[in-house]
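The block underneath contains the structure these notes are about, expressed in structure tokens.
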Amino acid sequence: MITDNMPYREKELQEYLITTHMLCLLVMISSLVLSNKFFIPAQIYPIINLRFFVGVGLIALGIVFILKTRKDFLLDDINTISLTKATYLSFPLVITLVTLLAVDNSIDDIEIILLLPVLVAASMAGKTGGLVMSTLCTFVLVLYNTFTAGHTNIYQAIEAHLLFIGMLYVMGWLVGGLTNLEANHHKHLNQSLRSLKEEIASREKAEEQLKVLSCAVEQSPAMVVIADTGGRIQYVNNSFTHITGYSLQDVDGKEIVEFLGDRINNLEQLSEIIKTGGEWKEEIISKKENGEYYWENVCLSSLRDSGGRITHILKFAEDITGEKQMEKEMANLDRLNLVGEMAAGIGHEIRNPMTTVRGFLQILSAKEDCLRYKEYYDLMIQELDRANSIISEYLSLAKDRPVNYKMQNITAIVEAMAPLMNADAVNSDKIIILDLQEVPDLLLDEKEIRQLLLNLVRNGLEAMQPKGRLIIKTSIDKDEEVVLSVKDQGCGIAPEALNKIGTPFFTTKEEGTGLGLAVCFSIAARHNAAIKIDTGTGGTTFSVVFKQGASSSKEQGRPHWARIIDYEKTSH
């Protein structure tokens, strides 16, 4: 009979009220059955009398009404009297009136049934409903006794039942008061429950926001470090661990100034900066767990509570090593561009008079009267040839020089040059080993790639002692990029010279021009490739990395990157 979606307390109270109404109907039926006026003489009505039909009709009407209105009956506010509630309140009174009229004086103390409407009204409408129903029942009782008990006036009827009337009012006041207390308590519980639900919802929302914020900090690409006001580290995110190699366990409790390079030397200096400026921004060089140095863009600030008190120190940093390397490469490319422009401007002007001088020297060296000076003429011609070779390399640095790109295979180019490179190796008592793999074709200028490979091979041969091994390898790396590498067994490149590699006219060889590697970098740049240098005490590896499908053309222009240098102190 009770719907499943109703609150448990409301279900319980409604079941209680429905049971009360059913009991009222049972009392009425019992009174009619016990009454000696239930049946009338058979000659008038052979079966039952009119009172029986009225009673049965009221019972049926009451049951139907209770069943039809149970879903609309709410118990939240006892002070609100709706039409449904008024009907519920009046229903026991109607049943009582019918019972009183039906049984007449055939049952002693039948007036006790008036307690039922008072109890129902007090339990449904509280103290006010109980007292109002007590008044109505008193009125019914006085009228009933005036007409049935032979009292001459109302005052006598009241006097005769004064004790019972007092019981009606006490019952209405007591039960109604308890109902009010229950209703107020229920109201307060509902308010507390709503407040609790709102608080829970608010906390769940705050926790969800906290989770999102925590995930954002933890997964941020920037490094986040949080320290207490004493400068002791309490938290680092995943990016910090990934970039530096330090986990939270490694740095927990350490002073944050240990990870600020040499710009801030002590905690007092840091505290002064935070207190006065609020923020401190700087680009610094820091050290990773493996001893490697890297650039980072650091912002230090303070975290404050709602009262403005500093509670923590926040370090927010970005790894800008790549940007710094790019700046160096751009500066190097600018130098190459400048040299190329100079080469394009003066190279041809120098070679023309040199060609004339060389021609006259050859003519003079052939004359009989100059034969005794032939040794000097040959030396001058060799020096002119050497100068012409330097100018040729110098001209190859020009960025606007014509190129001829075709789909070529780098492995095939290496195989074609193998005899020439082996000849150089045999002459210097060294060995060249080829480790060639199948690689996809690339858009290349074969002449320039030959020049690049020849320069790298000759540098590697010159860096090794006799019997040294030079490995030339073609492969595909993990990023599906084609790699041409030349690895020697020399003594490696000194760290102070490493950053100058590729600068025109910089050389560590006694007879070098300093243009060979500069030409290599220029050729790599025109092919949108990168030259990586991996050097140590066991030798040096030059790796030219070509991006598949991205070899440069005249429309693509110059690349924004040309090389990445890694220095390893351990031997290969």
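For the sequence shown, full-length UniProt numbering assigns the number 1 to the initial residue and increments by one for each residue that follows. Each residue gets a CB set at the ideal place from its N, CA and C atoms; glycine is no exception.
What do you get for residue i, buried or exposed, if any count of 16 or more other CB atoms within 10 angstroms of its CB means buried?
i: R526; result: buried
i: A317; result: buried
i: F546; result: buried
i: N153; result: exposed
i: S192; result: exposed
i: G359; result: exposed
i: P92; result: buried
i: G492; result: buried
i: K127; result: buried
i: I233; result: buried
i: F521; result: buried
i: Y88; result: buried
i: M407; result: exposed
i: L461; result: buried
i: E415; result: exposed
i: L470; result: buried
i: T356; result: exposed
Tell me the DSSP secondary structure of residue i in three-state form.
i: N145; result: helix
i: V140; result: helix
i: T186; result: In the sequence as displayed, the identity of residue 186 is His instead of Thr. Of the three classes helix, strand and coil, the one that applies to H186 here is helix, per DSSP.
i: Q465; result: coil
i: G535; result: First, the amino acid is wrong: residue 535 is Thr here, not Gly. Looking at T535 - three-state DSSP - the assignment turns out to be strand.
i: T540; result: strand
i: H527; result: coil
i: I200; result: helix
i: L434; result: strand
i: L303; result: strand
i: K406; result: strand
i: R309; result: coil
i: L515; result: coil
i: L371; result: helix
i: L453; result: helix
i: A227; result: strand
i: S123; result: helix
i: residue 575; result: Past the boundaries of the shown model lies residue 575; the chain is included only from 1 to 572, so the question cannot be answered.
i: S428; result: coil
i: residue 575; result: Outside the modelled stretch of the chain, which goes from 1 to 572, sits residue 575, for which no answer is possible.
i: L314; result: strand
i: Q489; result: coil
i: S220; result: coil
i: E258; result: helix
i: K328; result: helix
i: S247; result: coil
i: E282; result: strand
i: residue 584; result: This structure gives no information on residue 584, because the portion of the chain shown stretches from 1 to 572.
i: E292; result: coil
i: F39; result: Its pLDDT being 46, under 50, F39 is placed unreliably in this model, and the value from its coordinates should be taken loosely. It is coil, neither helix nor strand.
Looking only at its own chain, which residues have a Cβ that is under 6 Å from the Cβ of residue i, when we skip the five neighbours before and after it?
i: L300; result: W280, K315
i: G468; result: K430, Q489
i: I523; result: E448, L452
i: E283; result: N297
Using a Cβ-Cβ cutoff of less than 8 Å, which residues in the same chain neighbour residue i once the five nearest sequence positions on both sides are dropped?
i: E199; result: none
i: L97; result: V140
i: V118; result: G130, M133, S134, C137, L168, M171, G172, V175
i: M223; result: V236, N237, S239, F240, I243, T244, E296, K315, F316, A317, E318, D319
i: Y293; result: I285, S286, K287
i: E218; result: N237, N238
i: D252; result: I233, Q234
i: V142; result: I154, A157, I158, H161
i: C370; result: L364, Y377
i: K328; result: N499
Round the Cβ separation of residue i and residue j to the nearest angstrom and send it over; I've been treating them as touching at under 8 Å.
i: V439; j: N409; result: 7 Å
i: L515; j: I501; result: L515 to I501, Cβ: 12 Å. No contact.
i: V457; j: I476; result: 21 Å between Cβ atoms; not a contact.
i: T99; j: I112; result: Not really, about 11 Å apart at Cβ, beyond 8 Å.
i: N404; j: D441; result: No, N404 and D441 are not in contact; Cβ-Cβ is about 15 Å, not under 8 Å.
i: V298; j: L260; result: 7 Å
i: L443; j: A418; result: Contact flag wrong, Cβ pair sits at about 23 Å.
Apart from the five residues on each side of it in sequence, which residues of its chain come closer than 7 Å, Cβ to Cβ, to residue i?
i: N388; result: R351, M354
i: Q362; result: I381
i: P41; result: Caution is warranted here: a pLDDT of 48 is assigned to P41, below 50, making its placement in the model unreliable, and no coordinate value can be reported.
Please decide whether residue i counts as near chain B, where near means a Cβ-Cβ distance under 8 Å.
i: K127; result: Chain labels in this structure do not include chain B; a single protein chain is all it has.
For the segment 365-384 and the segment 442-459, state whether three or more C-beta atom pairs, one from each stretch, are separated by less than 8 Å. In short, these stretches do not touch, since the Cβ pair count stays below three.
At least 3 beta-carbon pairs within less than 8 Å: the segment 201-215 vs the segment 152-172: Output reads no: the segment 152-172 does not touch the segment 201-215.
Are at least three pairs of beta-carbons, each pair with one atom in the segment 532-540 and one in the segment 478-494, less than 8 Å apart? Under the 8 Å Cβ criterion, the segment 532-540 counts as touching the segment 478-494, having at least three qualifying pairs.
Are the segment 302-313 and the segment 220-235 in contact at 8 Å, needing three or more beta carbon pairs? Output reads yes: the segment 220-235 touches the segment 302-313.
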